[in-house]
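Structure record follows, encoded as structure tokens.
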Amino acid sequence: MDLQRTTECEGALVSDDNNSLTVRDNRTGKEYDIPIADGTIKAADLGAIKLNDDEPGLATYDPGFVNTASTKSAVTFIDGDKGILEYRGYPIEQLAEKSNFLEVAYLLVYGELPTKEQYDSWVHEITYHTFVHENVKGFMQGFRYDAHPMGMLMASVGALSTFYPEAKNIHDPENRHIQIVRMISKMPTLGAWAFRHAQGKPYVYPDNELSYTENFLSMLFKMSELRFEADPRLVKALDVLFILHADHEQNCSTNAVRSVGSSQVDPYSAVAAGVGALFGPLHGGANEAVLRMLRRIGSKENIPAFIEGVKNGNEKLMGFGHRVYKNFDPRATIIKKACDDVFEVTGVNPLLAIAQELEKIALEDEYFIKRRLYPNVDFYSGLIYEAFQFPPEMFTVLFAIGRTPGWLAQWLELTQDTEQKIARPKQIYTGDRKLTFVPASERWK
Ligand code: ACO
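Using this note's numbering, the letters of the sequence shown correspond one by one to residues 95 to 539.
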């Protein structure tokens, strides 16, 4: 795009437009007007700023995208300062209290709440695509006895692309819809089978008479009984946890899905990349660290000494702090309530008392107040998962199942966004240049 230049200034031209950024390149003395839209400038506009026509223009250096918008999106809104999280404009608190995971999944993917017909048809479709090809089962059984369930999930969701080769027709709306349905349906099946595999238990087939979350619990825990009946309070709590994890705008795994999806690969391959990103301890693994920390603290009396250690920089208070939320994480507030419901059924996790006391002390402490550190979604989620008797390796699998509609909503948006291009960042090259190659036969003489 041509930058507006209306005022002469040492060879370059600038405009009087207030909605722009005037940049002076002190190397050349030229000034440039760069349009501002939606609180951003286009990085490509900086390309016009160059020493001379033969050189590449100016670029930005932003490892970790800390101040770079990679996309426009209408899926999820976050205001970190105010502790606001909205899916398609609806506050997370209302969705967690009054909706259910499949309705939220529809909302995220298709942008609006479903009509009765749309909802019934959506639930029917999701329910009747929960089975996977028998060869997927054989494939999963081939993993080592102690395979990490996230590794199994990542590989098996990627492998689904070989079972549905038509999924590569990403420009066909009907085709996109059926792949989205398949993936939301089959993720619990794959996740539950990965869990059973590690336990050496037979895989349980889906039960289409059950709701989405009940069916997942059945595939996880059913043994010889005819039908697994989960306590409705546990079903509701897990459903809420799925809702809370369903999307979080351009986080690491969503960015991975979009980045891989930008090559126009099929959605199974793109989501497999998202599962891989979520697997990392900086993204999906903090709740496990919270449990380890609480166990190490051991009792309330040890909390002050632990807090001192944190303040002295020896370690972090896991489950506290967030890159975006600086007042509170709205998901943490909801999870705290879900804890009560779950513990009513399972009995109280003794670590809860330590967590609550730790939270109380930290929230009154100047160190945490000054740095705006509050409990995040992971502070209490591990306690709930443990009450369900999930081993820590499963925590991230649960996150992945919840996040699948968000990944797919963002992927769908990407496929229809005419401004998107294949993701291909620039680099600042720091290596050698123009070396002369000496063959091994001469180098090793
Ligand atoms: N405990 C103690 N101090 C902390 C903590 C913590 N949990 N989090 C941040 N701080 C301190 C930092 O040491 C830093 O202090 P300083 O200014 O004296 O150097 C200050 O607060 C700012 O912290 P940053 O690291 O700059 O914050 P950033 O936004 O980069 O990090 C993060 C956010 C990674 C979440 C961080 O708060 C953290 O590591 N928390 C613990 C891990 C955790 O709970 N992660 C889950 C996040 S939620 C999720 O991913 C689903």
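Think of the CB as a built atom: it goes at the ideal place given N, C-alpha and C, for glycine as much as any other residue.
Residue i CB to nearest heavy atom of the ligand ACO below 7 Å
i	result
alanine 380	yes
glycine 413	yes
arginine 417	yes
leucine 467	yes
lysine 410	yes
valine 491	no
asparagine 470	yes
histidine 271	no
valine 117	no
valine 369	no
valine 298	no
valine 404	yes
Helix, strand or coil at residue i according to DSSP, with G and I counted as helix
i	result
threonine 530	coil
alanine 324	coil
isoleucine 240	Reading off the sequence shown, one finds aspartate at residue 240, where the question assumed isoleucine. Reduced to three states, the DSSP call for aspartate 240 is coil.
valine 117	strand
alanine 340	coil
glutamine 98	The pLDDT assigned to glutamine 98 is 40, lower than 50, so where the model puts this residue is not dependable; a value taken from the coordinates is nonetheless given after this. Looking at glutamine 98 - three-state DSSP - the assignment turns out to be coil, as it is neither helix nor strand.
phenylalanine 473	helix
valine 414	The sequence shown places phenylalanine at residue 414, rather than the valine named in the question. Phenylalanine 414 falls in the strand class under three-state DSSP.
leucine 335	helix
proline 136	Checking the sequence, you will find lysine at residue 136 rather than proline. DSSP places lysine 136 in coil when its eight states are reduced to three.
aspartate 173	strand
glutamate 187	helix
tyrosine 200	helix
isoleucine 94	An answer regarding residue 94 cannot be provided, because it is not within the stretch 95 to 539 covered by the chain.
proline 444	coil
glutamate 540	Since the first and last residues shown for the chain are 95 and 539, residue 540 lies out of range.
isoleucine 463	helix
Closer than 7 Å: residue i CB and nearest the ligand SAH heavy atom
i	result
histidine 377	Ligands displayed in this structure: the ligand ACO; the ligand SAH is not among them.
Neighbour flag for residue i against chain B, beta carbons, 8 Å
i	result
threonine 524	The chain inventory of the structure shown lacks chain B, comprising one protein chain alone.
Are at least three pairs of beta-carbons, each pair with one atom in the segment 465–474 and one in the segment 408–423, less than 8 Å apart? yes
With three or more beta-carbon pairs closer than 8 Å as the criterion, would you say the segment 351–371 touches the segment 425–437? Result no; under three Cβ-Cβ pairs closer than 8 Å.
Are the segment 430–440 and the segment 197–204 touching, with three or more C-beta to C-beta distances below 8 Å? no
For the pair the segment 251–271 and the segment 333–350, tell me if three or more CB-CB distances fall below 8 Å. no
Mind listing, in chain order, the continuous alpha helix (DSSP H) runs of no fewer than 4 residues lying wholly within the segment 468–527? 472–481 and 486–509
Are the segment 476–483 and the segment 375–390 touching by the rule of at least three beta carbon pairs closer than 8 Å? Per the Cβ contact rule, the segment 476–483 is in contact with the segment 375–390 (3 or more Cβ pairs under 8 Å).
Pairing CB atoms from the segment 353–372 with CB atoms from the segment 329–344, are three or more of them under 8 Å? Contact check between the segment 353–372 and the segment 329–344: fewer than three CB pairs, one atom from each, fall below 8 Å, which does not count as touching.
Report the start-end ranges of each beta strand (DSSP E) in the segment 360–389 that is 3 residues or longer and not cut off at the edges. none
Considering only residues of the segment 259–323, which uninterrupted alpha helix (DSSP H) runs meet the minimum length of 4 residues and lie entirely inside it, listed in chain order? You should have 267–293 and 306–315.
Does the segment 365–373 come close enough to the segment 490–505 to have 3 or more Cβ pairs within less than 8 Å? Segments in contact, yes.
Using 8 Å as the Cβ pair cut-off and three pairs as the minimum, do the segment 163–181 and the segment 142–150 touch? no
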